[in-house]
Amino acid sequence: MTDWLKHITIVLALTLTAFSANADSKGDVNGDGEVNIADVNTLIHMILTAEDELCGDVNEDGEITIADVNMLISIILGGLNPQPYDGPVVGGDISMLTKYETHQRMATQHGINYAYYRDVNNQRIDDVIAWTKQQGWNAARVRLFVNPENASAEHVGQGVIQNLDTVKVLGARIKAAGMQFMLDFHYSDTWADPSAQTTPAAWASLDDEALAIQVYEYTRDCLRALKAAGATPDYIQTGNEISYGMLWGPAGTPQSQLKQCFTTSPEENWVRFANLLIAAGKACREECPRAKIILHTERVPRVNVLTNFYTQMKNRGVDYDIIGLSYYPYYHGNLAALAAALNSVSNMFQDKDIMIVETGYSYHYKVGDQDFSSTWPLTAEGQRQFTIDLINKLKPYSRVKGLFWWFPEANEYGLGGSNWNILHVTDSWYNAGLWNHETGRALPALYELKSFLE
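Counting in the working numbering, the sequence shown tops out at residue 1625, every number present.
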């Protein structure tokens, strides 16, 4: 039997055991004639004591833990076809989590027994996703690159590693925990943002018509694979920070800047861009009809650029549900600038909800161009106060339905020293995460995020 068939067999066996028609009551796993907590314990025992490690490792994270129980429960309940959640969401982009977990296990092999995620009281956290849910988070975001193997060593060192296999595993864990899953298509082999939206190397020779077909087929195939893996997204970003368009052209060539979409760009650039988004959206609607589509931009301080973008989308018939914004004070200005942007887009596009799909603030060293340390000191408490102030600024806007912290899982605790070359995850510390690199402890701002839902 192949590994995949063995994996499916154990899932089906456990599912059938839990819901067997031969039992006096469905859910009577232990066969004692009653359905109670003892049946849950039996199901947990069946997974955690599976003789075949592959079979017990339901979520394929390399370990057999309570997370596998959560995964199985998600698979079972997924068949009940629940109504999609339509309330507010809060969480973080945890795209690097599995990498950190892997390196923490490696640290143990090197005799380092303290390289773990910890809560504010220094208690070890075994399942970060389940633990953040306990702290009030109800969603998580993961980015997807086309072929990150083609990224530069510099970008890999910054965190460009998320291929489809990575996202399937992490997305399934998010869903198994009962959280909402946001998928962030980059449509590039590397970082995609306002400064670079390079076409994947494998798509470099395609003309505009063929490229739109490729975007449709790639989006469709990725979503099919995610659904099969138990990682159906609830929110889908068709592009990352696409304020000035996407898929501009191959990296390192004169063509890499020709397809940008500025307010003064040629009409044909906007037509091309809209066609790409229409193709992506078509695949999303076909494969994940319950998912909400997000168009993600980041020109908060330039309201004319922001409103022009979404006006272009409206006029060109691009199908989407949510306006997604990035907001980092050190890149985008103070909270008054954010409020001005929210006022404009909420008034002009009243049929769309809004989400802050990326935010962050440093707890230690300065990040970015602008210095707000006089308002929010570069300390754990300063980071916490930023979070409180941001949420208070967002609350009056009834259509702001989401808030996501970018890279909260950054945590190099125990992964440095003499073993740095082997154990480090990123080439430099990102100091706007929500764990302290020097102690491994969760920072106070992490605990504040739940107030967005209150």
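Glycine included, every Cβ here is placed at the ideal spot set by N, Cα and C. Bear in mind that the values here come from a model prediction, so they are computed numbers and not experimental data.
Apply the 10 Å Cβ neighbour rule to residue i and answer buried if 16 or more other Cβ atoms are within range, or exposed otherwise.
{"i": "Arg-1612", "result": "buried"}
{"i": "Gly-1410", "result": "buried"}
{"i": "Tyr-1112", "result": "Because the chain spans 1172 through 1625 in this model, residue 1112 falls outside it and cannot be assessed."}
{"i": "Phe-1433", "result": "exposed"}
{"i": "Ser-1366", "result": "exposed"}
{"i": "Ile-1300", "result": "buried"}
{"i": "Gln-1119", "result": "Residue coverage of the chain in this structure runs from 1172 to 1625, which leaves residue 1119 outside it and unanswerable."}
{"i": "Asn-1475", "result": "exposed"}
{"i": "Glu-1388", "result": "exposed"}
{"i": "Gln-1408", "result": "buried"}
{"i": "Asn-1607", "result": "buried"}
{"i": "Leu-1617", "result": "buried"}
{"i": "Trp-1547", "result": "buried"}
{"i": "Gln-1428", "result": "exposed"}
{"i": "Asp-1257", "result": "exposed"}
{"i": "Asp-1540", "result": "exposed"}
{"i": "Ile-1494", "result": "buried"}
{"i": "Trp-1591", "result": "exposed"}
{"i": "Glu-1272", "result": "buried"}
Residue i bridges to which residues according to DSSP?
{"i": "Trp-1606", "result": "Ala-1613"}
{"i": "Arg-1289", "result": "Arg-1295 and Arg-1612"}
{"i": "Lys-1463", "result": "Tyr-1406"}
{"i": "Trp-1576", "result": "Gly-1263 and Thr-1530"}
{"i": "Pro-1421", "result": "Thr-1370"}
{"i": "Thr-1497", "result": "In the sequence on display, residue 1497 carries Ser and not Thr. Answer is Glu-1529, bridged to Ser-1497."}
Quick one: Cα of residue i to Cα of residue j, how far?
{"i": "Gly-1416", "j": "Asp-1524", "result": "21 angstroms"}
{"i": "Arg-1570", "j": "Val-1471", "result": "17 angstroms"}
{"i": "His-1274", "j": "Glu-1609", "result": "16 angstroms"}
{"i": "Thr-1478", "j": "Met-1519", "result": "8 angstroms"}
{"i": "Phe-1627", "j": "Tyr-1568", "result": "The structure shown does not extend to residue 1627, since the chain is modelled only from 1172 to 1625, so the question has no answer here."}
{"i": "Gln-1483", "j": "Gln-1329", "result": "33 angstroms"}
{"i": "Val-1340", "j": "Val-1331", "result": "16 angstroms"}
{"i": "Arg-1276", "j": "His-1595", "result": "12 angstroms"}
{"i": "Phe-1623", "j": "Met-1526", "result": "12 angstroms"}
{"i": "Met-1350", "j": "Pro-1437", "result": "42 angstroms"}
{"i": "Asn-1309", "j": "Gly-1262", "result": "6 angstroms"}
{"i": "Ile-1457", "j": "Ser-1515", "result": "First, the residue type needs correcting, since residue 1457 is Glu and not Ile in the sequence shown. One C-alpha to the other measures close to 32 angstroms."}
{"i": "Ile-1449", "j": "Leu-1549", "result": "42 angstroms"}
{"i": "Leu-1377", "j": "Ser-1533", "result": "41 angstroms"}
Thinking residue i and residue j are a contact (beta carbons under 8 angstroms), I'd like their distance in whole angstroms, please.
{"i": "Asp-1679", "j": "Pro-1421", "result": "Nothing about residue 1679 can be reported from this structure: the residues present for the chain run from 1172 to 1625 only."}
{"i": "Ile-1465", "j": "Gly-1452", "result": "At roughly 11 angstroms, the Cβ-Cβ gap does not stay under 8 angstroms, so Ile-1465 and Gly-1452 are not in contact."}
{"i": "Phe-1575", "j": "Val-1528", "result": "5 angstroms"}
{"i": "Asn-1446", "j": "Ala-1383", "result": "5 angstroms"}
{"i": "Phe-1356", "j": "Ala-1311", "result": "Rounded, the Cβ-Cβ distance is 16 angstroms, inconsistent with contact."}
{"i": "Val-1260", "j": "Lys-1572", "result": "7 angstroms"}
{"i": "Glu-1412", "j": "Glu-1469", "result": "5 angstroms"}
{"i": "Ala-1348", "j": "Asp-1405", "result": "About 13 angstroms; that fails the 8 angstroms criterion."}
{"i": "Ile-1283", "j": "Gly-1585", "result": "5 angstroms"}
Please confirm if the region 1588-1604 is in contact with the region 1288-1299, defined as three or more CB-CB distances below 8 angstroms between the two stretches.
Result no; under three Cβ-Cβ pairs closer than 8 angstroms.
Three Cβ pairs or more, each shorter than 8 angstroms: is that satisfied between the region 1364-1383 and the region 1324-1336?
As far as the Cβ criterion goes, the region 1364-1383 does not touch the region 1324-1336, which means the pair count is below three.
Three or more C-beta pairs closer than 8 angstroms, one from the region 1569-1585 and one from the region 1261-1274: is that the case here?
Yes: at least three Cβ pairs fall under 8 angstroms.
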